[in-house]
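The structure appears below as structure tokens.
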Amino acid sequence: MTLPEEHMRRAIELAKKGTYTTSPNPMVGCVITKDGKIIGEGWHVKVGHNHAEVNAIENARELHGKKAEELLKHSEVYVTLEPCSTIGRTPPCSDALIKAGVRKVYIAQEDTSQEGLEALRKASIEVEVGLLNDEAINLNTGFFTRINQGRPYVTCKIACSLDGGIALSNGESKWITSEASRGDAHILRSNSDAILTGIGTVLADDPSLTARINDDEFLKLDQQPLRCLVDSKLQVTGNKKIVSDGLKTIIFINSSENDLKYDNVEVIKKSGENGRVSLTETLKHLGNIGINNLMLEAGPKLVDGMLKERLIDKFIIYIAPKLLGANKLNFAKLGGSLKNLGTIELELQKQEVVGEDLKLSILPKY
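One rule links them: number in our numbering = place in the sequence shown (from 1) + 11.
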């Protein structure tokens with residue numbers, strides 16, 4: 012690994028520190044070096060707070076005191092995303108780098124909504140774009156999906172048996188996959204801004220849809236993903252956890268009737284065809300309120316509907332070494348999903364073993 016790659020990888024590690032707090036902003040990390048040695052580093056900690064570049068400059072000043080300004084002059088900067096050039100909640104980061112007198116800026120990912128590159132080059136600062144670009148893109152896929160498509164990036168999680176079953180014929184579905192897989196799925200939840208499910212899942216399983224790390228340690232309440240429920244006829248009742256536990260929930264319905272009166276529950280009408288909720292409009296609404304990453308945890312009906320609308324960007328499938336038999340419920344069979352999956356090319360992105368199970372990351376190619 013070259014020294015520039017090492018510094019950019021450190022910037023990517025720093026960016027990840029903002030996983031739970033930066034949304035709807037992107038995660039960004041920054042490292043400043045002089046003669047190959049790190050003199051300051053920072054990351055975007057929280058919406059409305061300083062961006063990564065400013066934090067890295069301030070860190071250099073805290074560490075080096077009066078020597079900081081001389082060290083910053085002709086330094087090299089490694090940042091995971093193109094520095095902003097517009098005034099928002101904070102001043103432009105490109106201006107901060109120019110004022111600090113840096114010599115060169117390495118940028119992992121370009122941001123076409125900004126003009127930071129041009130501003131830096133006009134100030135005679137050398138710029139190099141694309142160092143560890145793929146890793147940087149993975150940091151903020153949800154952010155750019157929302158910016159470019161107006162909706163969140165959707166990851167559909169499925170836990171099934173080797174023969175594709177998600178439940179027994181009587182609806183029993185608990186503990187098909189291993190404890191390790193369930194823990195891994197909670198990490199997926201914690202990395203999501205919101206979780207979407209359907210009324211069938213809520214009525215059958217009464218899930219809490221909260222994120223727990225190490226199986227029982229909950230994320231802080233203000234870091235819990237937003238719960239979203241597709242419930243066209245508003246069948247959910249007040250004794251269900253998604254309504255009664257006090258955490259924020261949005262219920263998307265087709266009709267205008269609403270007899271749920273809970274402070275934590277917002278009911279929104281998004282009418283679709285045949286008395287159903289419009290999934291496209293539902294995702295558009297979530298994009299409008301700043302949801303970058305949406306996790307879909309639902310039964311075959313909602314999964315099938317999302318597939319038909321081409322709204323699933325990625326599948327995470329945990330496959331347990333079990334057989335549920337002929338009378339199982341299958342995520343890819345009900346509601347025409349088998350036909351749809353048969354006409355969608357799927358790209359296997361990654362496979363790994365988690366506990367006793369096989370975890371597949373799959374991208375649909377519509």
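In this text, a Cβ means the ideal position worked out from N, Cα and C, and glycines have one as well.
Only a predicted model underlies this, so the values are computations on that prediction, with no experimental measurement involved.
Query	Result
Own chain residues within Cβ distance below 7 Å of residue 96, not counting five before or after	103, 105, 125, 126, 127 and 130
Residue burial classification, residue 314 (beta-carbon count within 10 angstroms, cutoff 16)	buried
C-alpha gap between residue 370 and residue 165, whole angstroms	17 Å
Beta strand (DSSP E) runs contained entirely in the region 196–280, provided each spans 3 or more residues	205–209, 237–241, 260–264 and 276–280
heavy atom of the ligand MG below 8 Å from residue 273 C-beta	The ligand MG is absent from the structure shown, which contains no ligands of any kind.
Nearest-angstrom Cα separation, counted from residue 374 out to residue 359	7 Å
CB of residue 211 within 9 Å of CB of residue 34, strictly	no
Range of the contiguous alpha helix (DSSP H) that encloses residue 23	14–26
Rounded distance between the beta-carbons of residue 204 and residue 237, thought under 8 Å	7 Å
Buried versus exposed, by CB contacts within 10 Å (16 or more), residue 266	exposed
Three-pair Cβ contact test at 8 Å for the region 325–334 versus the region 166–176	yes
Sheet register partners of residue 329 (DSSP bridge)	170 and 370
Cβ-based neighbour list, residue 329, same chain, cut-off 6 Å, excluding 5 preceding and 5 following	170, 188, 192, 368 and 370
Where residue 51 falls: helix, strand or coil (DSSP)	strand
Per-residue DSSP class, three states only, for residue 347	Because residue 347 carries a pLDDT of 46, less than 50, the predicted location of this residue cannot be relied on, and no value is offered for it.
Touch test, the region 293–313 against the region 152–168, Cβ-Cβ under 8 Å, three pairs minimum	yes
Among 251, 118, 218 and 253, nearest to residue 64 - alpha-carbon criterion	118
Three-way DSSP call (helix, strand, coil) for residue 151 in this model	coil
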